[in-house]
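Everything below concerns the one structure shown next.
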Amino acid sequence: MTTTAVTHIASLVTNDPSLGNGTPLGLIQDAAVVIDGDRIVWTGESSKAPATDNVLDAAGRAVIPGFVDSHSHLVFAGDRTQEFNARMSGQPYRAGGIRTTVAATRAASDEELSANVARYLAEALSQGTTTFETKSGYGLTVEDEARALRIASRHTDEVTYLGAHIVSPDYADDPAGYVDLVTGPMLEACAPHARWIDVFCEQGAFDGDQARAILTAGRAKGLHPRIHANQLTYGPGVQLAVELDAASADHCTHLTDADVDALGQGNTVATLLPGAEFSTRATWPDARRLLDAGATVALSTDCNPGSSFTSSVPFCIALAVRDMGMTPDEAIWSATAGGAAALRRTDIGRITPGARADLVLLDAPSHVHLAYRPGVPLVSAVWRSGQRVA
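Numbers given in the numbering used here equal positions in the sequence shown, counted from 1, plus 5.
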């Protein structure tokens, strides 16, 4: 293996509070990072960097950890332009629009679906995302859900079984029968290809009892729970997530004080998805309320063709700072270390010795520019597992 040093970094976000300025970001000024193979082996002041085989001069630009996008829906076909246009013309967002994507996805070939995943991943990588989770949920038959997970697993280890996205149109008159399918034959076919199980606990999708049955069945098969919770209305999703020790409760838009307290005291990460609120003109999640209660917060894109068709974590950071009460420091932490926490990973989302060498070089002197200059392509270079990939 060869070693590489990135030197003369104006501001290095390590996400290690024992380093640098002692804040959660562990900022080091005029810093350097040394990569050996696929790992970080040294961080510190640039003047103290050890000798390496290769040196890259950051020339006074900032370096941050690669973004960890812990919530996306990339195995799909088609788009929902007409639905988006209708929403922007005044129609409300409802869960049922998913059926449009289900029909297109079922009709697509494996090759078409895999090419779509690769396309959106390339978009995300060019904007600094080095780890992503993605879900099934647009097949809603045993065969289509299993093939979605097989396709997803070619591109990432963070794969989620979401047969419980909505009740399949094939079971419109028999929701209980569909829950039996999701927790029975579909789970049997899908569990070997996934790490996680998810459910959309919402009016128009699955209620609390159904969600509990689905997540409990998945856990019995070795899948760890996560949950779409409290996006469109107040509901039982957050409390259920904490009860079942779900890795994350995602959306968290409509929260009671009890919900906030539960997230503040439990291990479940509150994953906020501002792209969805932007694309549906919905109420913004109150990140400040969650952070002040001690909850761990992640920021992710929710990239999907219906309610959040963006692969850009920098865009979501800007929204979170502008409209959700987060500081730039909190937003960058949530999009990196927070996403890693939502995937229960300790090897990503930080730049410290032993971590995977996932780095993003910004064409700016500080991470604050991600919110300060919204919409500007600031990502200059990306390393994933020690390899420069963008």
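C-beta atoms are modelled at their ideal positions from N, C-alpha and C, and glycine is treated no differently.
Inset, instruction - Report all residues from its chain with a CB closer than 6 angstroms to the CB of A300; omit the five preceding and five following residues, and keep chain order. - result: Locating residue 300 in the sequence shown gives position 295, where the first residue counts as 1. Same-chain partners within the cutoff: L268, G269, A275.
Inset, instruction - Mind reading off the beta-carbon distance from T165 to W201? Whole number of angstroms is fine, and I expect it under 8 angstroms. - result: By 1-based counting over the sequence shown, the position of residue 165 is 160. By 1-based counting over the sequence shown, the position of residue 201 is 196. So it is a contact: roughly 4 angstroms between Cβ atoms.
Legend entry - Residue of A325, Y143, D214, T351 minimising C-alpha distance to P310: Within the sequence shown, numbered from 1, the residue matching residue 310 stands at position 305. Out of A325, Y143, D214, T351, Y143 has the C-alpha closest to the C-alpha of P310.
Inset, instruction - State whether the stretch 12-32 contacts the stretch 52-67, with contact taken as three or more CB pairs (one from each stretch) at a distance under 8 angstroms. - result: yes
Legend entry - Buried or exposed by the 16-neighbour rule on C-beta atoms within 10 Å, applied to A263: For the purposes of this step, residue 263 is identified with residue 258 of the sequence shown, where counting begins at 1. Classification of A263: exposed, given that the 10 Å Cβ count is below 16.
Legend entry - Endpoints, alpha helix (DSSP H) assigned at T161: By one-based count along the sequence shown, residue 161 stands at place 156. Here T161 belongs to no alpha helix (DSSP H), and DSSP marks it neither H nor E.
Inset, instruction - Inspect the beta-carbon positions of R217 and L237 and report whether they are closer than 9 angstroms. - result: The count along the sequence shown starts at 1 and reaches residue 217 at position 212. The count along the sequence shown starts at 1 and reaches residue 237 at position 232. No, Cβ-Cβ distance for R217 and L237 is not below 9 angstroms.
Legend entry - Coil, strand or helix - G49 by DSSP: As a first step, residue 49 must be located in the sequence shown, where it is residue number 44. DSSP places G49 in strand when its eight states are reduced to three.
Legend entry - For R224: DSSP bridge partner residues: Position 219 of the sequence shown, counted from the first residue, corresponds to residue 224. In the DSSP output, where bridge partners are listed per residue, R224 has none listed.
Inset, instruction - Return the first residue and the last residue of the alpha helix (DSSP H) that D262 is part of. - result: Locating residue 262 in the sequence shown gives position 257, where the first residue counts as 1. 262-270 is the extent of the alpha helix (DSSP H) around D262.
Legend entry - Spatial distance of V243 from A254 (CA atoms): Here residue 243 is taken as the residue at index 238 of the sequence shown, counted from 1. Here residue 254 is taken as the residue at index 249 of the sequence shown, counted from 1. Cα to Cα, the separation comes out at about 6 angstroms.
Inset, instruction - Please say whether D84 and T110 have beta carbons closer to each other than 9 angstroms? - result: Numbered from 1 along the sequence shown, position 105 holds the residue referred to as residue 110. Numbered from 1 along the sequence shown, position 79 holds the residue referred to as residue 84. Cβ atoms of T110 and D84: not closer than 9 angstroms.
Legend entry - D363 burial status per 10 Å Cβ neighbour count (16 or more: buried): To locate residue 363, count along the sequence shown from 1; it is residue 358. So D363 counts as buried.
Legend entry - Rounded straight-line distance, which links the Cα of P290 to that of L324: Sequence index remark: in the sequence shown, residue 324 carries index 319 (1-based). Sequence index remark: in the sequence shown, residue 290 carries index 285 (1-based). Between L324 and P290, the C-alpha separation is close to 11 angstroms.
Inset, instruction - Tell whether a beta-carbon distance below 9 angstroms holds between D368 and V394. - result: The count along the sequence shown starts at 1 and reaches residue 368 at position 363. The count along the sequence shown starts at 1 and reaches residue 394 at position 389. No, the pair does not count as a contact, with Cβ atoms beyond the cut-off.
Legend entry - CB contact flag (G354, T341, <9 angstroms): Taking the first residue of the sequence shown as 1, we reach residue 354 at position 349. Taking the first residue of the sequence shown as 1, we reach residue 341 at position 336. Result yes, Cβ atoms of G354 and T341 sit closer than 9 angstroms.
Legend entry - Bridge partners - Q34, DSSP secondary structure assignment: For the purposes of this step, residue 34 is identified with residue 29 of the sequence shown, where counting begins at 1. Partner(s): S16.
Legend entry - Assumed close pair T357, L24 - CB separation to whole angstroms, cut-off 8 angstroms: Counting from one through the sequence shown, the residue named residue 357 turns up at place 352. Counting from one through the sequence shown, the residue named residue 24 turns up at place 19. About 7 angstroms separates the two Cβ atoms, so the contact holds.
Legend entry - Inter-residue Cα distance where the pair is P162 and Y239: Against the sequence shown, residue 162 aligns to sequence position 157. Against the sequence shown, residue 239 aligns to sequence position 234. Contrary to the premise, residue 162 reads as Asp rather than Pro in this sequence. One C-alpha to the other measures close to 32 angstroms.
Legend entry - N20 burial status per 10 Å Cβ neighbour count (16 or more: buried): In the sequence shown, residue 20 corresponds to position 15, counting from 1. Buried, because 16 or more other Cβ atoms sit within 10 Å of the Cβ of N20.
Legend entry - CA-to-CA distance, L79 to Y125, given in whole angstroms: The residue you call residue 125 lines up with position 120 of the sequence shown. The residue you call residue 79 lines up with position 74 of the sequence shown. Those two C-alpha atoms are separated by around 7 angstroms.
Inset, instruction - Could you spell out where the alpha helix (DSSP H) holding E193 opens and where it closes? - result: By 1-based counting over the sequence shown, the position of residue 193 is 188. Run containing E193: 190-195, per the alpha helix (DSSP H) assignment.
Legend entry - Beta-carbon proximity check, S158 vs A345, cutoff 9 angstroms: The count along the sequence shown starts at 1 and reaches residue 158 at position 153. The count along the sequence shown starts at 1 and reaches residue 345 at position 340. Not a contact, by the Cβ cut-off of 9 angstroms.
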